[in-house]
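Engineer:
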Amino acid sequence: MSISKVYFTDFRTPYGGPTMPQKLAGLAQKAGIADLDLEGKFVAIKIHFGELGNVSYLRPNYARAIVDLVKSLGGKPFLTDCNTLYVGSRKDALEHLECAWQNGFTPLSVGCPILIGDGLKGTDDIAVPVNGGEYVKEAYIGRAIMDADIFISLNHFKGHEMTGFGGAIKNIGMGCGSRAGKSAQHNSGKPDIKEKSCRGCRLCQKVCANNGLVFDEATRKMTVNKDNCLGCGRCIGACNFDAVYFKNGNAASLLNRKMAEYAKAVVDGRPNFHISIITDVSPNCDCHSENDAPILPDIGMFASFDPLALDQACADACIKATPMPNSQLSDNLNRPGFAAVKNDPFTNSTPESEWKSCLEHAEKIGLGSREYELITI
């Protein structure tokens, strides 16, 4: 595997110099985004719109900078993300769009349409073969994302409670999976029901198209028929009481490997480009309705044609950074008896997480290279 180029710029914007959005656009240009044939092409820009209550997601200003750049190069961009499995503010397209609007992402603010990649209920997906996949033969990806001619990921690099950190590969692999795709990555694909939480309202049964849910009239509780259930994820969004859930039965390393294979399905065979911004490095995913204090300082912006090299470069930059005081990371490091792992802020922040297997497997299946040349601009 050849060495990939990763471009970097910091957050310094002296008086009279370029603004932060201008620096981001300049970074993308230096990294070669103009080498893509964008003229007249549909360009999916994958971003996380943030859960309501979370304020560490990327500001819409960053998205606008890339949208304007793509348009100046002749492309037809749209911002996109796919619906979530869990009960929250992004489990269907209507709530997802409302969440995006409340968090500042509107066609007016970002300069382009916003499309939810897997449709109204998270079921508008396409089965995409994974070339060289060991765990995933077909990845269920949001149809609008796969319909695009060119794919760009705009990633908020932060911590994560299971995968150690969330960067390019997670934004692509997990983020572009439909609800069925997310389910397949996280677990065996079959939901379970917490009997104590079930109220017997039967709302979940109304959205099941496969006779996967059976109501027990005697107990007034819902149960899952695992033979009929397809793991589409509709029921979890319908439940208002968090009674329907998916067991995270796979180890974090298996989740990471599946996620890398999903990312490969998204980018294989078409032009792609990737940007990661290390700012507001919250300990958990932007899917949380809270974000907690940053565990690391703001570092800068990175861009590359190689999502794996990009993640490796961002991880290396974080490893070199000094932990922030009064954070989850510093609390752990200062706790008596805490078994700290040298030069690993992600594991030290969330010891039950695991991140290296994702990068190792991504390289094994040919998603990119972990070797890179860092070019500072």
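By the working numbering, the letter at position 88 of the sequence shown is numbered 69, and the numbering carries on one by one without gaps.
From the three backbone atoms N, C-alpha and C, an ideal C-beta is built for every residue, glycine too.
Can you list, in chain order, the residues of its chain with a C-beta nearer than 7 Å to that of Q83? Leave out the 5 residues immediately preceding and following it.
Structural biologist: Taking the first residue of the sequence shown as 1, we reach residue 83 at position 102. Around Q83: L33.
Engineer: When DSSP builds the beta bridges, which residues end up paired with T(-10)?
Structural biologist: Counting from 1 along the sequence shown, the entry for residue -10 is found at position 9. BP columns for T(-10) point to M282.
Engineer: If F(-8) and D279 are in contact, beta carbons under 8 Å, what's the gap, nearest whole angstrom?
Structural biologist: Along the sequence shown, one-based indexing puts residue -8 at 11. Along the sequence shown, one-based indexing puts residue 279 at 298. So it is a contact: roughly 5 Å between Cβ atoms.
Engineer: Counting only runs that start and end within the region 66 to 134, where is the beta strand (DSSP E) found for 3 or more residues in a row?
Structural biologist: Entirely contained in the region 66 to 134, the beta strand (DSSP E) runs reaching 3 residues are, in chain order, 95 to 97, 106 to 110 and 119 to 123.
Engineer: Cβ of D106 within 7 Å of Cβ of Y121?
Structural biologist: As a working note, residue 106 is residue 125 in the sequence shown. As a working note, residue 121 is residue 140 in the sequence shown. Contact flag set, yes.
Engineer: How many Å lie between S70 and E76 at the Cα?
Structural biologist: Within the sequence shown, numbered from 1, the residue matching residue 70 stands at position 89. Within the sequence shown, numbered from 1, the residue matching residue 76 stands at position 95. Cα-Cα distance, rounded: 6 Å.
Engineer: Rounded to the nearest angstrom, how far is the Cβ of A129 from that of V24, given a contact under 8 Å?
Structural biologist: The sequence position of residue 129 within the sequence shown is 148, counting from 1. The sequence position of residue 24 within the sequence shown is 43, counting from 1. Contact flag correct, Cβ pair sits at about 6 Å.
Engineer: What is the DSSP secondary structure of A254, counted as helix, strand or coil?
Structural biologist: Counted from its first residue, the sequence shown places residue 254 at position 273. The question names Ala, but residue 254 in the sequence shown is Phe. Looking at F254 - three-state DSSP - the assignment turns out to be strand.
Engineer: Distance check for A294 and I(-16), CA to CA, integer angstroms please.
Structural biologist: Numbered from 1 along the sequence shown, position 3 holds the residue referred to as residue -16. Numbered from 1 along the sequence shown, position 313 holds the residue referred to as residue 294. Answer to the nearest angstrom: the Cα atoms are 12 Å apart.
Engineer: Which of the three DSSP states, helix, strand or coil, is assigned to V262?
Structural biologist: Counted from its first residue, the sequence shown places residue 262 at position 281. Coil.
Engineer: Looking at L5 and G38, is the spacing between their C-beta atoms short of 7 Å?
Structural biologist: Reading the sequence shown from its first residue, position 57 is the one you call residue 38. Reading the sequence shown from its first residue, position 24 is the one you call residue 5. Checking the sequence, you will find Tyr at residue 38 rather than Gly. Cβ atoms of Y38 and L5: not closer than 7 Å.
Engineer: DSSP three-state label for T357, please.
Structural biologist: The sequence position of residue 357 within the sequence shown is 376, counting from 1. Here T357 sits in strand by DSSP.
Engineer: Please classify N136: is it buried, with 16 or more other beta-carbons within 10 angstroms of its beta-carbon, or exposed?
Structural biologist: Your numbering for residue 136 matches position 155 in the sequence shown. Buried, since its Cβ has 16 or more Cβ neighbours within 10 Å.
Engineer: Let's test the definition: count the other Cβ atoms within 10 Å of the Cβ of G193 and tell me whether it reaches 16, buried, or not, exposed.
Structural biologist: Counting from one through the sequence shown, the residue named residue 193 turns up at place 212. Per the 10 Å Cβ criterion, buried.
Engineer: In the structure shown, what three-state DSSP assignment does F319 receive?
Structural biologist: Stepping through the sequence shown from its first residue, residue 319 is reached at position 338. DSSP places F319 in coil when its eight states are reduced to three.
Engineer: Ends of the alpha helix (DSSP H) at V359?
Structural biologist: Look at the range of the chain in this structure, -18 to 358, and you will see that residue 359 is not part of it.
Engineer: Kindly give me the distance between the Cβ atoms of D62 and K22, rounded to whole angstroms, as I take these residues to be in contact under 8 Å.
Structural biologist: Sequence index remark: in the sequence shown, residue 62 carries index 81 (1-based). Sequence index remark: in the sequence shown, residue 22 carries index 41 (1-based). Rounded, the Cβ-Cβ distance is 20 Å, inconsistent with contact.
Engineer: The alpha helix (DSSP H) spanning G154 covers which residue range?
Structural biologist: Position 173 of the sequence shown, counting from 1, holds the residue named residue 154. It spans A149 to G154 - the alpha helix (DSSP H) in which G154 sits, taken as one unbroken run.
Engineer: Output yes or no for whether 7 Å exceeds the beta carbon distance between A366 and L314.
Structural biologist: Since the first residue of the chain shown is -18 and the last is 358, residue 366 is not available in this structure.
Engineer: Return the first residue and the last residue of the alpha helix (DSSP H) that D292 is part of.
Structural biologist: As a first step, residue 292 is located in the sequence shown; it is residue number 311 there, counting from the start. Segment P288 to K301, the alpha helix (DSSP H) holding D292.
Engineer: Which class does L277 belong to by DSSP, given the choice of helix, strand or coil?
Structural biologist: Taking the first residue of the sequence shown as position 1, residue 277 is located at position 296. DSSP places L277 in coil when its eight states are reduced to three.
Engineer: Return yes when the Cβ of C157 is within less than 7 Å of the Cβ of G123, no when it is not.
Structural biologist: Position 142 of the sequence shown, counted from the start, is the residue given in the question as residue 123. Position 176 of the sequence shown, counted from the start, is the residue given in the question as residue 157. Taking 7 Å as the Cβ cut-off, G123 and C157 qualify as a contacting pair.
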